[in-house]
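Trainee: If you're matching positions, the sequence shown starts at 348 in this note's numbering and goes up one per residue.
Can you read through this structure? Questions will come right after.
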Amino acid sequence: ASDKPFTLEGHLLMIDHGHGLNSAFLHLSQIDVKLGDHVAQGQRIGAIGSTGRATGPHLHWGMKWNDSRIDPLLVAGPMPQGL
């Protein structure tokens, strides 16, 4: 987690899932975890925002596996309906 926002990314949180898999969450308005925390599935880690270079509130979620970008939907499973 960054304690100061980046110019383009805003408040940035990165999660190391192990086995070379990493997630990055950008433009957050709030980060609810700190460096070294272990997080569990379903745990709140932050809040959607528009920090950095963003035109409105949204979540920019990126994933890398061994430094190669991958589509997060490949590992996320089905999204909840009705949100």
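Note that the Cβ used here is the ideal one computed from N, Cα and C, for glycine as well.
None of the values given here were measured: they were computed from a predicted structure.
Hey, out of ARG391, GLN388, PRO404, whose CA is closest to GLU356's CA?
Mentor: PRO404
Trainee: In this structure, how does DSSP classify ALA371 when only helix, strand and coil are distinguished?
Mentor: strand
Trainee: Please state whether DSSP places LEU420 in a helix, a strand or coil.
Mentor: helix
Trainee: Taking only three categories from DSSP, how would you classify LYS411?
Mentor: strand
Trainee: By DSSP, does ALA401 sit in helix, in strand, or in coil?
Mentor: coil
Trainee: So what does DSSP say about ILE378, is it helix, strand or coil?
Mentor: strand
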